[in-house]
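**Student:** Residue numbers (this note's numbering), protein chains in the order written: chain G, 1 to 511; chain Z, 1 to 400.
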């Protein structure tokens with residue numbers, strides 16, 4: 001079989017980070033090629049390079065597709081050659097019909113006038129291919145997520161796809177829908193279509209993949225051929241996580257005290273779909289001076305758990321009890337949660353953490369304006385003193401505390417968010433992906449701050465998708481999957497293999 | 001750091017300079033025919049009276065827009081409150097002080113209901129206040145049945161057309177260059193002007209020195225002095241002109257007090273800070289413990305209160321309640337905010353700039369009328385000016 005695609009020596013850098021380092025990938029015609037790797041390993045970036053989202057010139061290396069070196073300037077060019085990517089977040093217009101979505105940007109039109117009978121005819125044909133039984137005029141919002149995924153695939157087929165790339169296609173699907181989707185994929189393979197499949201679900205990969213390429217830290221580790229030898233999940237995990245860890249974490253002296261904070265039997269329903277439990281009976285506790293990690297894959301429910309605890313910022317019909325220093329907490333509003341000593345450092349600092357149009361100074365005091373004001377009037381001098389103090393303590397690199405937050409780098413923005421929460425003088429800090437998207441040096445500093453906070457006797461909960469980060473900073477790690485805590489282990493006894501195995505065990509048990 | 005500060009300040013001064021420029025422009029245009037009608041004492045008094053309602057409401061609109069919303073109903077609230085007040089005073093013979101208090105309460109109440117719908121009902125403010133605009137315009141018509149209701153007691157009229165101690169005049173002059181012959185000058189107006197200018201100087205210098213001492217960021221001193229000089233000159237010039245007519249208009253005093261109050265509220269209070277955070281990033285504000293719904297509610301209730309006040313001023317000025325009072329005022333108020341550099345997406349805007357924006361519109365209206373430009377052309381010009389002002393702002397932001 002000939003190679004339909006060959007990516008040679010792909011290197012892609014963003015300001016401050018190298019996302020991909022000399023990545024090589026060979027995909028044979030007619031195979032299903034799986035790509036595995038941890039969150040942030042560079043899988044999605046690689047696919048963005050391939051499809052022209054990151055256009056030619058922004059990366060180095062060659063993309064050889066169907067025997068020619070290609071220089072895609074846009075996603076339109078790659079699609080024109082039958083290279084279609086389906087992203088993790090579905091890109092459908094919810095208020096348009098199935099037919100309109102399938103031909104969005106690719107309308108069956110002459111001189112700008114749409115030929116609807118042709119459109120519906122072809123829609124029915126495509127829907128038949130993906131096994132979707134709906135009316136072409138049904139709105140996307142009225143069909144389930146599994147069917148929406150099928151619409152995405154039909155949309156790809158409409159573009160005469162030769163190489164289909166699926167990024168976590170089953171992440172939000174239930175068991176039955178996932179199975180149906182994978183069967184569909186195998187059916188397409190029979191008809192000669194090539195597919196690249198990115199997935200965390202190793203059991204699915206084992207079922208459909210012909211070859212598996214493993215990416216770690218932006219580089220290709222190896223490519224496994226499933227037909228030569230049976231590949232176990234353990235074998236894949238080893239490839240995904242086997243990396244050296246040296247001096248990426250500041251040393252810490254942990255001194256864990258008595259119990260500080262406890263959540264007991266915590267249940268949360270989805271805010272829009274009532275009855276759908278997102279958090280299912282989670283219990284956790286943090287001791288004084290302890291750093292507790294919550295590991296899990298994206299969509300495991302970690303952020304939802306944190307936000308539901310933090311003044312019911314997420315979900316509805318929240319049940320369970322929360323205690324701090326033995327006293328029962330009233331967490332009915334965010335204001336009360338802050339007042340009682342909780343702080344939640346959000347995952348997405350631009351969307352949820354900062355007011356980007358405001359200054360560093362005003363961002364730092366926002367969550368505790370009472371601390372710099374008297375009878376509702378802000379004391380300028382006090383506020384400046386507070387901002388200056390945190391700027392120095394956390395080494396926020398900014399020309400001045402009057403600088404607007406939007407002008408700071410990611411790492412320094414994160415320090416501003418941290419400052420804001422430290423100024424509320426919390427007893428328990430929940431930090432959600434505290435180092436996402438910031439460079440290695442700033443990460444090291446953030447870890448140092450975490451150590452310091454624990455040293456002051458605070459309880460710290462760290463949510464992270466980077467397992468080495470949890471192993472390097474935590475005393476104890478909870479493993480979360482699909483809204484439950486599936487395992488708990490002291491960090492000393494934990495390893496990435498063990499955490500992955502805990503997560504995968506659950507998938508294994510289900511399928 | 002310095003360059004950023006200069007840039008921010010220069011944008012503010014650009015606005016002030018454009019105001020001065022347009023004043024000079026119309027002064028020049030009216031110079032030939034009328035000997036500078038624009039800056040005659042009686043015309044300055046007119047400009048203040050004509051634009052008082054815009055400035056009063058722009059202060060509230062600033063907060064609404066900064067909070068990420070819009071209020072289209074203010075013109076109709078002006079009409080409705082005026083109609084209710086007029087009917088109560090003329091038909092029911094209620095004493096005007098009670099009617100005034102009631103009118104302000106009605107304005108605030110209307111704002112509060114709209115605020116409830118926007119903040120807690122989650123209906124877009126554009127729609128809620130569009131509804132309010134129609135409802136209260138209609139109610140105004142029903143209440144007045146096409147009639148003018150008036151006249152009102154002298155004390156009520158004084159809100160808009162009264163003066164502070166108008167009889168406190170002294171014969172002064174002649175003074176070279178200033179007064180050709182001895183004429184009466186209202187010393188209260190002049191005195192307040194001098195005190196105001198001095199107070200501004202002292203306060204801003206003290207603030208500057210304190211910032212210096214506390215190692216805070218401070219404006220460059222030359223810039224600060226220059227700004228103070230310009231403002232002092234404007235204050236003295238206007239109060240000098242006013243003192244040669246009938247003195248300080250009551251409505252100017254109301255505006256000045258409100259402007260100072262809102263300038264303080266937006267820059268120095270917790271609630272002001274939170275409104276800016278809410279408009280800048282609602283989710284981040286929420287997750288920082290800010291009760292965003294309550295704040296949105298308050299901005300609308302406050303807007304209603306100020307619209308009620310404006311309704312009283314308008315009725316007092318016309319000395320009657322009319323069915324068309326306040327028609328399309330919302331557009332003038334919103335335009336003043338945007339000319340004053342308020343961001344349409346929320347989170348950004350300054351009180352002083354909005355007042356300057358309102359004055360800019362006011363001087364333009366007045367100047368165009370003085371030179372006899374047709375009312376329809378005036379609208380065209382105002383529209384172009386709004387586009388140009390915001391266009392310059394957007395351009396600067398993208399470049400900066």
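All C-beta atoms in this analysis are idealised placements derived from N, C-alpha and C, irrespective of residue type, glycine included. Being a predicted model, the structure only gives us computed values, none of them experimental.
Which residue comes first and which comes last in the alpha helix (DSSP H) that contains residue 120(G)?
**Tutor:** If you number the first chain from 1, residue 120(G) lands on position 120. Here the alpha helix (DSSP H) through residue 120(G) covers 116-130.
**Student:** Starting from the Cα of residue 143(Z), find the closest Cα among 321(Z), 256(Z), 360(Z), 159(Z) and give me that residue.
**Tutor:** Translated into the one-based positions of the second chain, residue 143(Z) becomes position 143. It is 321(Z).
**Student:** I'd like to know whether the C-beta of residue 394(Z) is nearer than 9 Å to at least one C-beta of chain G.
**Tutor:** Here residue 394(Z) is taken as the residue at index 394 of the second chain, counted from 1. Proximity of residue 394(Z) to chain G, defined by a Cβ-Cβ separation below 9 Å, is not satisfied.
**Student:** Taking any Cβ of chain G, which residues in the stretch 274-287 of chain Z have a Cβ under 8 Å from it, in chain order?
**Tutor:** 274, 276, 277, 280, 281, 283, 284, 285, 286, 287
**Student:** On the three-pair Cβ rule with 8 Å, is the stretch 289-304 of chain Z touching the stretch 100-114 of chain Z?
**Tutor:** yes
**Student:** Is residue 210(Z) close to chain G? Criterion is C-beta to C-beta, closer than 9 Å.
**Tutor:** Walking along the second chain from the start, residue 210(Z) turns up at place 210. Closer than 9 Å: yes.
**Student:** Look up residue 33(G) in the DSSP assignment and give the residues it is bridged to.
**Tutor:** For this step, residue 33(G) is matched to residue 33 along the first chain. DSSP, once it has assigned bridges, lists 196(G), 211(G) as partnering residue 33(G).
**Student:** Closest to residue 137(Z) by C-alpha separation, out of 283(Z), 330(Z), 380(Z), would be which residue?
**Tutor:** For this step, residue 137(Z) is matched to residue 137 along the second chain. Comparing Cα-Cα distances from residue 137(Z) to each of 283(Z), 330(Z), 380(Z), the minimum goes to 330(Z).
**Student:** Along chain G, which residues have their Cβ under 7 Å away from the Cβ of residue 271(Z)?
**Tutor:** Taking the first residue of the second chain as 1, we reach residue 271(Z) at position 271. What residue 271(Z) touches in chain G: 376.
**Student:** Inspect the beta-carbon positions of residue 479(G) and residue 294(G) and report whether they are closer than 9 Å.
**Tutor:** What you label residue 479(G) is simply residue 479 of the first chain in a count that begins at 1. What you label residue 294(G) is simply residue 294 of the first chain in a count that begins at 1. Yes, they are a contact pair.
**Student:** Spell out the partners DSSP gives residue 171(Z) in its beta bridges.
**Tutor:** In the second chain, counting from the first residue as 1, residue 171(Z) sits at position 171. 184(Z), per the DSSP bridge assignment.
**Student:** Less than 9 Å between the beta carbons of residue 143(G) and residue 126(G), yes or no?
**Tutor:** Counting from 1 along the first chain, the entry for residue 143(G) is found at position 143. Counting from 1 along the first chain, the entry for residue 126(G) is found at position 126. Not closer than 9 Å, so no.
**Student:** Using a C-beta cutoff of 9 Å, does residue 491(G) count as contacting chain Z?
**Tutor:** Taking the first residue of the first chain as 1, we reach residue 491(G) at position 491. The Cβ of residue 491(G) sits no closer than 9 Å to any Cβ of chain Z.
**Student:** Can at least three beta-carbon pairs, one atom from the stretch 65-78 of chain Z and one from the stretch 337-350 of chain Z, be found at a separation below 8 Å?
**Tutor:** They touch, by the three-pair rule.
**Student:** Residue 363(Z) and residue 47(Z) look like a contact to me (Cβ under 8 Å); what is the Cβ gap, rounded to whole Å?
**Tutor:** By one-based count along the second chain, residue 363(Z) stands at place 363. By one-based count along the second chain, residue 47(Z) stands at place 47. Going by Cβ atoms, the distance from residue 363(Z) to residue 47(Z) rounds to 7 Å, so yes, they are a contact pair.
**Student:** What are the complete beta strand (DSSP E) segments, minimum 3 residues, inside the stretch 349-383 of chain G?
**Tutor:** none
**Student:** Among 196(Z), 308(Z), 185(Z), 42(Z), which has the Cα closest to the Cα of residue 370(Z)?
**Tutor:** Along the second chain, one-based indexing puts residue 370(Z) at 370. Here the closest residue by C-alpha is 42(Z).
**Student:** Name the DSSP beta bridge partners of residue 166(G), please?
**Tutor:** Residue numbering aside, residue 166(G) sits at position 166 when the first chain is read from its first letter. The partner list for residue 166(G) (beta bridge, DSSP) reads 86(G), 197(G).
**Student:** Under 6 Å Cβ to Cβ from residue 235(Z), same chain only, skipping five residues before and after it: list those, please.
**Tutor:** On the second chain, position 235 is the one that residue 235(Z) refers to. Hits under 6 Å: 193, 196, 197.
**Student:** Spatial neighbours of residue 238(G) within its chain, please: CB distance less than 7 Å, with the 5 preceding and 5 following residues excluded, ordered by chain position.
**Tutor:** Sequence index remark: in the first chain, residue 238(G) carries index 238 (1-based). Closer than 7 Å at the Cβ level, and outside the excluded window around residue 238(G), lie 497.
**Student:** Exposed or buried, residue 133(Z), counting other C-beta atoms within 10 Å across all chains shown (16 or more means buried)?
**Tutor:** Here residue 133(Z) is taken as the residue at index 133 of the second chain, counted from 1. Flag for residue 133(Z) reads buried.
**Student:** Please identify, using Cβ separations under 7 Å, the residues of the stretch 384-399 of chain G that lie next to chain Z, in order along the chain.
**Tutor:** For the stretch 384-399 of chain G, which is checked against every Cβ of chain Z, the residues closer than 7 Å are 384, 399.
**Student:** Count the other C-beta atoms from every protein chain shown that fall within 10 angstroms of the C-beta of residue 481(G), then say buried if there are 16 or more, exposed otherwise.
**Tutor:** Position 481 of the first chain, counted from the first residue, corresponds to residue 481(G). Buried.
**Student:** Run the CB neighbour count on residue 485(G), radius 10 Å, all protein chains shown included, and call it buried at 16 or more, exposed below.
**Tutor:** Here residue 485(G) refers to the residue found at position 485 of the first chain. Under this definition residue 485(G) is a buried residue.
**Student:** At the level of alpha carbons, what is the spacing between residue 244(G) and residue 90(G)?
**Tutor:** In the first chain, residue 244(G) corresponds to position 244, counting from 1. In the first chain, residue 90(G) corresponds to position 90, counting from 1. Summary for residue 244(G): the model assigns pLDDT 47, below 50, so the residue's position carries little reliability, and this model does not support an answer.
**Student:** Determine, for residue 380(G), whether the minimum Cβ-Cβ distance to residues of chain Z falls below 9 Å.
**Tutor:** The count along the first chain starts at 1 and reaches residue 380(G) at position 380. It does; some Cβ of chain Z falls within 9 Å.
**Student:** Is there at least one Cβ from chain Z nearer than 9 Å to residue 420(G)'s Cβ?
**Tutor:** For the purposes of this step, residue 420(G) is identified with residue 420 of the first chain, where counting begins at 1. It does: the Cβ of residue 420(G) has a partner Cβ on chain Z nearer than 9 Å.
**Student:** Which class does residue 65(G) belong to by DSSP, given the choice of helix, strand or coil?
**Tutor:** Reading the first chain from its first residue, position 65 is the one you call residue 65(G). Note: residue 65(G) maps to strand in three-state DSSP.
**Student:** Is it the case that the Cβ atoms of residue 86(G) and residue 164(G) are separated by a distance below 9 Å?
**Tutor:** The count along the first chain starts at 1 and reaches residue 86(G) at position 86. The count along the first chain starts at 1 and reaches residue 164(G) at position 164. Closer than 9 Å, so yes.
**Student:** Can you pull the chain G neighbours of residue 348(Z), defined as C-beta to C-beta under 7 Å?
**Tutor:** Position 348 of the second chain, counted from the start, is the residue given in the question as residue 348(Z). Simply 357.
**Student:** What is the C-beta distance between residue 84(G) and residue 19(G), in whole angstroms, given that I count them as a contact (C-beta under 8 Å)?
**Tutor:** Within the first chain, the letter at position 84 stands for residue 84(G). Within the first chain, the letter at position 19 stands for residue 19(G). The pair is not a contact, with the Cβ atoms about 22 Å apart (cut-off 8 Å).
**Student:** Distance cutoff 9 Å, beta carbons only. Does residue 122(Z) sit that close to anything in chain G?
**Tutor:** Stepping through the second chain from its first residue, residue 122(Z) is reached at position 122. Judged by the 9 Å Cβ criterion, residue 122(Z) is not in contact with chain G.
**Student:** Could you name the residues of the same chain whose beta carbon sits closer than 7 Å to that of residue 106(Z), not counting the 5 residues immediately before and after it, in chain order?
**Tutor:** Your numbering for residue 106(Z) matches position 106 in the second chain. Within the same chain, residue 106(Z) has close Cβ partners 81, 84, 308.
**Student:** Indicate whether at least one CB of chain G lies closer than 9 Å to the CB of residue 214(Z).
**Tutor:** Taking the first residue of the second chain as 1, we reach residue 214(Z) at position 214. Residue-level contact check: residue 214(Z) touches chain G, since one or more beta carbons of chain G fall below 9 Å from its beta carbon.
**Student:** For chain G, check one thing: does any of its Cβ atoms lie closer than 9 Å to the Cβ of residue 343(Z)?
**Tutor:** For this step, residue 343(Z) is matched to residue 343 along the second chain. Yes, contact with chain G.
**Student:** Please check if any C-beta of chain G sits within less than 9 Å of the C-beta of residue 64(Z).
**Tutor:** Position 64 of the second chain, counted from the first residue, corresponds to residue 64(Z). No, residue 64(Z) does not count as interfacial toward chain G.
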